[in-house]
Amino acid sequence: MDSVRSPEWPVAPLGGPAGNSATARYGMPPATGPLLGRAGQPAAAPPPYRPPAGGDGTTPPPGGRRAAPPVPVKILVAGGFGVGKTTTVGAISEIAPLTTEAEMTTAGIGVDDPGTRSTKTTTTVAMDFGCVTIDRSLKLYLFGTPGQTRFGFMWDDLARGALGALVVVDSARLDDCFPAVDFFEQAGLPFVVGVNAFDGRLALQLDEIRWALAIGEHVPLVQFDARDRLSVRDALLVVLDRALDRATRDRRA
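For the sequence shown, this note's numbering gives the first residue as 30, with consecutive numbering after it.
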């Protein structure tokens, strides 16, 4: 076979560029450009993709300026042993909380006593840590204190730079929370007493708990569930409100 052609193409002599020219195949006038390659200028290539000014794929703020990072706020979650501090931090933290839980052994009998209602078998030997973003301008960093008396030396370091504290209380074991209340009263740090509702109920009424703890009306006293994220959120918002009120009064003074 000497050649193969399409039925629609006119017969053209073989060999040379003229055999594959527009004139030979389609009956068009010869182009003035080069015989090989593109006859005209190629279409302009689209501009390369560039991420928004924010750099992270988000819409840049008005004015083209990068949004300021949220303000970090340090909050302590304190209280006696086995009242639910670790549970409180873990329920609200948006990251996997850092915990320093260790199994309780027979060496701790008479020292680490979580009470008859608790099935707790571990204890915090250093601290708990978690964080939660409130909005674009505020982010809470939560530090849970150890509840045992022998780790009390860590409280001063953990409280340094804190804006406020949530003192977690077990209504059936009020004696265990006295040291925490005394610590924050002496330190002058704004705090809120949060009564953890074990099994959804309290052993005492809130007004009875306030009287037993001998705390003034200026100290908020709230009931919450350490296992429920929304309940913990509401308790922490009270802490923020208390701290903001203190900061506003200090600024005016």
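Ideal Cβ placement from N, Cα and C applies to all residues, glycine included.
Treat the numbers as computed from the prediction; the structure is a model and nothing was measured.
Buried versus exposed, by CB contacts within 10 Å (16 or more), residue i
i	result
Phe212	buried
Thr299	Because the chain in this structure spans residues 30 to 282, residue 299 falls outside the shown range and cannot be described.
Pro175	buried
Trp184	buried
Leu65	Any reading at Leu65 is ruled out, since the residue's pLDDT is 43, under 50, leaving its predicted position unreliable.
Arg271	buried
Val100	exposed
Phe182	exposed
Pro126	buried
Asp157	buried
Leu273	exposed
Gly45	At Gly45 the pLDDT is 49, less than 50, meaning the model places this residue with poor confidence and gives no usable figure here.
Ile121	buried
Tyr55	Residue placement at Tyr55 cannot be trusted, given a pLDDT of 49 that sits under 50; the coordinates are not used to answer.
Ala191	buried
Three-state secondary structure (DSSP) of residue i
i	result
Pro101	strand
Asp199	strand
Gly229	helix
Gln252	strand
Ala172	Correcting the residue type first, residue 172 is Phe in the shown sequence and not Ala. Strand.
Thr124	Note that residue 124 is Ile in the sequence shown here, rather than Thr. Residue state, collapsed to three classes: coil.
Ala209	helix
Ala96	coil
Val268	helix
Leu167	strand
Ala107	strand
Ala194	strand
Pro63	Note that Pro63 has pLDDT 44, beneath the 50 cutoff, so the model's placement of it is unreliable and the number below is only indicative. In the structure shown, Pro63 sits in coil (DSSP, three-state: anything other than H, G, I, E or B).
Gly159	strand
Val112	coil
Gly217	coil
Gly223	strand
Ala243	coil
Arg275	helix
Arg189	coil
CB contact flag (residue i, residue j, <8 Å)
i	j	result
Ala232	Ala201	yes
Arg165	Ala96	yes
Val221	Val198	no
Leu242	Leu203	yes
Phe253	Gly223	yes
Nearest-angstrom beta carbon gap, residue j and residue i [assumed within contact, 8 Å]
i	j	result
Leu167	Val102	6 Å
Spatially closest choice to residue i from the options, by CA coordinates
i	options	result
Gly113	Glu123, Leu187, Ala125, Val196	Val196
Ala245	Val261, Arg278, Glu123, Glu214	Looking at the sequence itself, residue 245 is Gly, so the reference to Ala does not match. That would be Glu214, whose Cα lies nearest to the Cα of Gly245.
His247	Leu105, Arg262, Leu218	Leu218
Arg189	Pro98, Ile104, Thr277	Ile104
Gly119	Val261, Ala226, Val224	Val261
Glu123	Arg94, Leu169, Phe110	Leu169
Gly269	Arg239, Cys160, Ala194, Asp157	Reading off the sequence, residue 269 comes out as Leu, not Gly. Nearest option by C-alpha distance: Ala194.
Ala209	Leu235, Gly173, Glu237	Gly173
Gly159	Ala191, Leu192, Asp186, Thr115	Thr115
Asp205	Arg94, Pro98, Gly111	Gly111
Gly3	Arg275, Trp240, Asp236, Asn225	The shown model of the chain, from 30 to 282, leaves out residue 3, and the question about it has no answer.
Asp186	Asp279, Ala216, Thr162	Ala216
Phe207	Ala276, Leu192, Arg239	Arg239
Ala255	Pro249, Phe227, Glu237	Phe227
Neighbour flag for residue i against chain C, beta carbons, 8 Å
i	result
Val268	Chain labels in this structure do not include chain C; a single protein chain is all it has.
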